[in-house]
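Those protein sequences? They're chains A and B, same order as listed. So the first sequence is numbered by the numbering used here: it starts at 2 and just counts up by one. So the second sequence is numbered by the numbering used here: it starts at 3 and just counts up by one. Think of the CB as a built atom: it goes at the ideal place given N, C-alpha and C, for glycine as much as any other residue.
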Amino acid sequence: MGVLAQTDLRLNTTPIDFVFVVFYFVLVLGIGLMARRSISSSLDFLLSGRSLPAWVTGLAFVSANLGAIELIGMMANGAQYGVGTFHYYWIGAIPAMVFLGIVMMPFYYGSKARSVPEFLRKRFNPTTQRVNAVTFAVASVLIAGVNLFALGLVLEALLGWSLNLAIPIAALVVLSYTFLGGLSAAIYNEVLQFFVILALLIPLTVAGLARVGGWDGLKQSVSGLPPGPEQVSSWPGSALTEIANPFLSVLGIVFGLGFVLSFGYWTTNFAEVQRALSARSMSAARRTPIIAAFPKALIPLVVVIPGMIAGVLVPQLTTLKQGGATDVTYNNALSLLMNEVLPNGILGVALAGLLASFMAGMAANVSSLNTVFTYDIWQDWVRPGRPDDYYLRVGRTVTVVGCLLAIGTAFIAGSFQNLMDYIQTLFSFFNAPLFAIFILGLFWKRMTGTAGWTGLIAGTVAAVTVDALVRSEVIAVSSQAGSFIGASAAFVVGIAVAVVVSTVTAPKPDAELVGLVWSLTPRDRMRTGEDEGSWWQSPVVLGSIVIALTIVLYLLFA
Amino acid sequence: MSEPQDPAVDHGATDTAPSAASQLFDLRSIIALLFGVYGIILLVMGLFFESEAELRKAGGIDINLWSGIVMIVVAALFALWAWLRPLVPPGERR
């Protein structure tokens, strides 16, 4: 003890910085209050009355994913691995987002389902809906707790508040605007958050690059640090995958990250899909994930590059890269770099952006939880057939209960060493089996209702089993690789069980599956959208442009 | 365990016309307000209150000044967009 000087993680804030933070919070709560005026039905509260324009739902879509865990985690990866981190964004998100918009959204939006579980009821049966709704509700509360805990950590580190104070206060802010304004307030705030987060990231990158002598200067200095020059080229990404063979490493990135993980996350995660379901037309719903793909492709430039800059500029992180002893971790990269390069004033904007990104993640969890609980668990199962204002009250109550439970799960999350591993494990339990039965049900009309829920449960059991084997070290791999094996096992077992069960149970008649199964849906039904006016608003054209943009970005950072 | 029957009825709320939820206020003017205020404060700080040490932090760039200018431009663009294309109340949209 006492060998190392304690690194001060607190930001050098002055009162002027808090003017920015306070003004931001006034607007956030103001949006909640204004959104309240227009809520007259449960659909208004839980699905924004299906009336939002595509640019709003698109930016909310990307913002719901731009939570603080993502921001801090990816900047940490940038500091540790360099340019290889781009894979998480480019191959790990863009193809799946375009696929969601072009191929899957016609089924989601066209079925008029209000949630992913409700879609499962239409395609399979009520049991599948209930199994998925309950697991989703549990997962949402657990993940909201992770976001809340991470926010508490930052408030503690940066401002010196205690965790026991910071967590309930953060929960209260998210609760107040989602309670008042429902999904509209959550989505509008996500759009505002998107811009404030950019106002944090762009000046950080510009100032950082100025300090290290531009991109060329950064390349030069970062190549001199471990793991060496591969930090400035994206392929084959061996540092990231821990696979030495270049061919296998590329294969791992393309199939592991690009297919199972990313398609599983983007196409079935209701916290994301919900943003598109609240769009005002089929065309707007289909454009939502594709519009979101543009910022998603560009954001890593102002996340990964500052991460690399932090590795060069912040002495403690440089020591860490060289394998020396220090009291910081890569997770501190963002706040350390903010302190290093941002003067007071813009530092306050950055602090507001950081707090915004925490609230974005949690608000997305809470607003999707209350939709699934109210519609899929309460209205379709426990208390059907009540008047709509009854369900509006249920939605508001669930928002409060969800936030209170999240305070509890925040302290569970605090007992895990690595938050990213915890999230990945939850993901392998819940999303991977869902993706398996989803994709099978979409393309194979013979798949039966019973196969839906048995496949889901079998997949989850497979993932939980793998997790137990990894924890007890029967399978000797890192926890990151463990959650990937778990996700793959869940996918394979889910498909296998669903196929076997389908062969021994009776399928739904074709007539009930129109609009829910690929081969039974007329092609023109997928293409139409009433406000699809100009050619540039076509999802296919926009999707092709964003894929081309991603390829150009890859060529620049090859 | 017997499986519950598919109710096969759609819920009233889904089919009723969307009410005014999205049209309640214009998000574009909120964004313009936020960045307008941020931009002006940063501009003033960058012009009059920037010490040598703070300039060195960002490699000699007056980052407050430039961020302030960009934010004012962004605010102006959003205000202009909101002014040129005001929201149409629901129902009047084609």
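Does the stretch 115-130 of chain A come close enough to the stretch 324-339 of chain A that 3 or more CB-CB pairs lie under 8 Å?
no
Using the beta-carbon of each residue, which ones in chain B are nearer than 7 Å to residue 120/A?
Residues of chain B passing the Cβ test: none, with the nearest at roughly 13 Å.
Given a limit of 8 Å on CB to CB distance, which residues of the stretch 40-59 of chain A reach chain B?
40, 41, 42, 43, 44, 45, 49, 50, 51, 52, 53, 54 and 57
Three-state secondary structure (DSSP) at residue 53/A?
strand
At the level of alpha carbons, what is the spacing between residue 552/A and residue 266/A?
22 Å
Members of the stretch 346-375 of chain A near chain B, C-beta cut-off 7 Å:
Cβ contacts with chain B: 346, 347 and 350.
Nonlocal neighbours in the same chain, by C-beta distance under 7 Å from residue 198/A, ignoring five residues either side:
67, 354, 357 and 358
Contact set for residue 75/B: own chain, Cβ-Cβ below 6 Å, skip 5 residues either direction
none
Any beta-carbon of chain A closer than 8 Å to the one on residue 84/B?
no
Contacting residues, own chain, Cβ-Cβ under 6 Å from residue 439/A (five flanking each side not counted)
269
By how many angstroms is the C-alpha of residue 207/A removed from the C-alpha of residue 53/A?
34 Å
Contacts that residue 69/B makes with chain A (C-beta to C-beta distance below 9 Å):
200, 203, 204, 207, 346, 347 and 350
From residue 91/A to residue 558/A, what distance separates their C-alpha atoms?
Whole-angstrom Cα-Cα distance: 11 Å.
Checking contacts by CB at 8 Å: is residue 42/B closer than that to chain A?
The beta carbon of residue 42/B sits no closer than 8 Å to any beta carbon of chain A.
Run through the DSSP bridge pairs and tell me what residue 280/A is partnered with.
53/A
For residue 518/A, which residues from the same chain have a beta carbon less than 6 Å from its beta carbon, with the 5 sequence-adjacent residues on both sides left out?
446
Within 8 Å (strictly less), CB to CB, does residue 438/A reach chain B?
no
In the DSSP assignment, the alpha helix (DSSP H) including residue 231/A goes from what residue to what residue?
Segment: none, residue 231/A is in no alpha helix (DSSP H) and carries neither H nor E.
Does residue 325/A come out as helix, strand or coil in the three-state DSSP assignment?
Coil at residue 325/A, not helix or strand.
Euclidean distance between Cα positions of residue 193/A and residue 33/B
7 Å
Quick one: Cα of residue 378/A to Cα of residue 464/A, how far?
Approximately 24 Å between the Cα atoms of the pair.
According to the neighbour-count rule (16 or more other Cβ atoms, all chains shown, within 10 Å of its Cβ), is residue 451/A buried or exposed?
Buried.
According to the neighbour-count rule (16 or more other Cβ atoms, all chains shown, within 10 Å of its Cβ), is residue 498/A buried or exposed?
Residue 498/A sits buried, since 16 or more C-beta atoms from the chains shown fall within 10 Å of its C-beta.
Would residue 60/B count as contacting chain A if we go by Cβ distances under 8 Å?
yes
Please tell me whether residue 400/A and residue 176/A are closer than 8 Å, where the distance is taken between their beta carbons.
Contact flag set, yes.
For residue 64/A, which residues in the same chain have their Cβ closer than 7 Å to its Cβ, ignoring the five residues on either side in sequence?
191, 192, 194, 195 and 361
Does the stretch 213-225 of chain A come within contact of the stretch 309-317 of chain A, defined as at least 3 CB pairs closer than 8 Å?
Yes, the stretch 213-225 of chain A is in contact with the stretch 309-317 of chain A.
Would you call the stretch 65-74 of chain B and the stretch 43-57 of chain B touching, i.e. three or more CB-CB distances under 8 Å?
yes
Which first and last residues belong to the alpha helix (DSSP H) in which residue 468/A is found?
Residue 468/A -> alpha helix (DSSP H) spans 450-472.
Could you check whether residue 294/A and residue 110/A sit closer than 8 Å to each other, using their CB atoms as the reference points?
no
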